[in-house]
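> The following block contains the structure, expressed as structure tokens.
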Amino acid sequence: MPRHLLGEFERTILVALIRLGENAYGVTIRQHLSDRLGRDVAIGAVYATLGRLQDKGYVSSSLGEPTPARGGRAKRFFKIEAPGSEALNRTEREAALIGVVNPAWIRS
Amino acid sequence: MRPIKHETDVRQLVEDPAFRPNFFSFWLKQPGRVEALREADPLKRLLLENVRLVGASAMYASVLFIYGKQMLTSFFHRTSWLQTRPTTNVEAPWFGEFLLFVFLPKEDREIIPADLLEEMNEVLVPKFGSGAARVWYWAQVVRSIWPMVGRRLVKVVSWGAIAKAVGFLVKRFVA
């Protein structure tokens, strides 16, 4: 398996998918990211990243029922898959390792 | 490229190694074509003397016509227009929806405008009013287009490279 590490935004999106569970779709993901990152995130950026993660097989999506509040259009629900969880774990582990490196070792 | 005024110039230009050939120049290279150019009526001659400009314009115009027509047709026959109209307070700006429709990939064309409409009516309108909600919608449209265009550009560039390779092979083995 390739040792692909996730970017900051990809990591935050995968964490959001885990937290939101069954209710993870565009609006809720965007609101979760805005709360977590403390800034307004464009919906296009969220979908571009989700599309990239889907191309890699880290997330999957399914269409929900159309609702009148959405102008008769369906929601797309996202779910994290096993390779996505593995990539997230790997990235977190690498980040934790970097975090415990003593700066004195680098200087010497 | 300098303008061509005489048949000798055309021949010089076509035989110049620095000249990047196209399909019109291949036509011109055939025996008797430059002589035929001299006999051509002024309009034909004008077209032939500006082969690159005419070729490029025809290509862009045809792409714009085919793609634009397809876009407009599919936009005005969206499935959502045939379904229930929204029971929300504020309608999304139609031109903003159209911009999203043009720039978004096919699988996101229905989903992203619906997400924006839902959030606008359920969160923004009750909190800030319809005017501010519409401004927010437009800001989302403008900010959402760039990441999507970036994703599409990668695909276009890779298709461009394939087209260039095919063009090279055609020129090499057919012409």
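Protein chains in written order, with the working numbering: chain A, -7 to 100; chain B, 19 to 193.
Glycine included, C-beta positions come from ideal geometry on N, C-alpha and C.
Everything numeric in this text was worked out from a predicted model, so none of it was measured.
(1) Provide the residue(s) that pair with residue 69 of chain A in DSSP beta bridges, ordered along the chain.
(2) Taking only beta-carbon atoms, is residue 5 of chain A less than 9 Å away from chain B?
(3) In terms of DSSP beta bridges, what is residue 59 of chain A paired with?
(4) State the Cα-Cα distance for the pair residue 82 of chain A and residue 160 of chain B, rounded to the nearest angstrom.
(5) Does the Cβ of residue 50 of chain A have 16 or more other Cβ atoms within 10 Å, making it buried, or fewer, making it exposed?
(6) Output the distance between the C-alpha atoms of residue 93 of chain B and residue 49 of chain B, rounded to the nearest integer angstrom.
(7) Within the segment 148 to 176 of chain B, note down every full alpha helix (DSSP H) run reaching 4 residues or more, in order along the chain.
(8) Below 8 Å on the Cβ atoms is my contact criterion, and I expect residue 59 of chain A with residue 1 of chain A to pass it. Report the Cβ-Cβ distance as a whole number of Å.
(9) Which residue's Cα is closest to the Cα of residue 21 of chain A: B:51, B:133, B:145 and B:155?
(10) Roughly how far, in whole angstroms, is the beta-carbon of residue 29 of chain A from the beta-carbon of residue 38 of chain A, given that I think they are within contact range, below 8 Å?
(11) In the DSSP assignment, the alpha helix (DSSP H) including residue 32 of chain A goes from what residue to what residue?
(12) Let me check you understand the geometry: is the CB of residue 120 of chain B closer than 8 Å to at least one non-hydrogen atom of the ligand PLP?
(13) Assign residue 15 of chain A to one of two classes, buried (16 or more other C-beta atoms within 10 Å of its C-beta) or exposed (fewer than that).
(14) Sorted by chain position, which residues of the same chain lie with C-beta nearer than 7 Å to residue 187 of chain B's C-beta, five sequence neighbours on each side aside?
(15) Taking only the alpha-carbon atoms, compute the straight-line gap between residue 86 of chain A and residue 11 of chain A and give it to the nearest angstrom.
(16) Give me the Cα-Cα distance between residue 17 of chain A and residue 33 of chain A, rounded to the nearest whole angstrom.
(17) Do you know how far the Cα of residue 7 of chain A is from the Cα of residue 180 of chain B?
(18) For residue 66 of chain A and chain B, any beta-carbon pair shorter than 9 Å?
(19) Buried or exposed: where does residue 127 of chain B fall if 16 or more other Cβ atoms within 10 Å of its Cβ makes it buried?
(20) Would you be able to state if there are at least three C-beta pairs under 8 Å between the segment 159 to 177 of chain B and the segment 109 to 118 of chain B?
Reading off the structure:
(1) Taking the first sequence and counting its residues from 1, the one referred to as residue 69 of chain A is at position 77. In the DSSP output, where bridge partners are listed per residue, residue 69 of chain A has A:17 and A:54.
(2) Residue mapping note: residue 5 of chain A aligns to position 13 of the first sequence, counting from 1. No, residue 5 of chain A does not count as interfacial toward chain B.
(3) The residue you call residue 59 of chain A lines up with position 67 of the first sequence. Looking at the DSSP assignment, residue 59 of chain A forms a beta bridge with A:65.
(4) In the first sequence, residue 82 of chain A corresponds to position 90, counting from 1. In the second sequence, residue 160 of chain B corresponds to position 142, counting from 1. Using only the alpha carbons, I get a separation of about 35 Å.
(5) As a working note, residue 50 of chain A is residue 58 in the first sequence. With 16 or more other Cβ atoms within 10 Å, it is buried.
(6) As a working note, residue 93 of chain B is residue 75 in the second sequence. As a working note, residue 49 of chain B is residue 31 in the second sequence. Those two C-alpha atoms are separated by around 49 Å.
(7) none
(8) On the first sequence, position 67 is the one that residue 59 of chain A refers to. On the first sequence, position 9 is the one that residue 1 of chain A refers to. Not quite, the Cβ-Cβ distance comes to about 28 Å (not below 8 Å), so this is no contact.
(9) As a working mapping, residue 21 of chain A is identified with position 29 in the first sequence. Comparing Cα-Cα distances from residue 21 of chain A to each of B:51, B:133, B:145 and B:155, the minimum goes to B:133.
(10) Locating residue 29 of chain A in the first sequence gives position 37, counting from the first residue. Locating residue 38 of chain A in the first sequence gives position 46, counting from the first residue. That belief does not hold up - the Cβ atoms of residue 29 of chain A and residue 38 of chain A are roughly 11 Å apart, past 8 Å.
(11) Residue 32 of chain A sits at position 40 when you count from the first residue of the first sequence. Note, residue 32 of chain A: premise wrong, no alpha helix (DSSP H); not H, not E.
(12) Among the components of this structure there are no ligands whatsoever, and the ligand PLP is therefore not found.
(13) One-based indexing of the first sequence puts residue 15 of chain A at position 23. Under this definition residue 15 of chain A is an exposed residue.
(14) Looking up residue 187 of chain B in the second sequence gives position 169. Correct list: empty, nothing qualifies.
(15) Position 94 of the first sequence, counted from the start, is the residue given in the question as residue 86 of chain A. Position 19 of the first sequence, counted from the start, is the residue given in the question as residue 11 of chain A. Between residue 86 of chain A and residue 11 of chain A, the C-alpha separation is close to 21 Å.
(16) Indexing the first sequence from 1 puts residue 17 of chain A at position 25. Indexing the first sequence from 1 puts residue 33 of chain A at position 41. Residue 17 of chain A and residue 33 of chain A: Cα-Cα distance of roughly 14 Å.
(17) For the purposes of this step, residue 180 of chain B is taken as residue 162 along the second sequence, with counting starting at 1. For the purposes of this step, residue 7 of chain A is taken as residue 15 along the first sequence, with counting starting at 1. Distance between the alpha carbons of residue 180 of chain B and residue 7 of chain A: 38 Å.
(18) Here the question's residue 66 of chain A lines up with position 74 in the first sequence. For residue 66 of chain A, the answer is yes, since a Cβ of chain B falls inside 9 Å of its Cβ.
(19) Residue mapping note: residue 127 of chain B aligns to position 109 of the second sequence, counting from 1. With 16 or more other Cβ atoms within 10 Å, it is buried.
(20) yes
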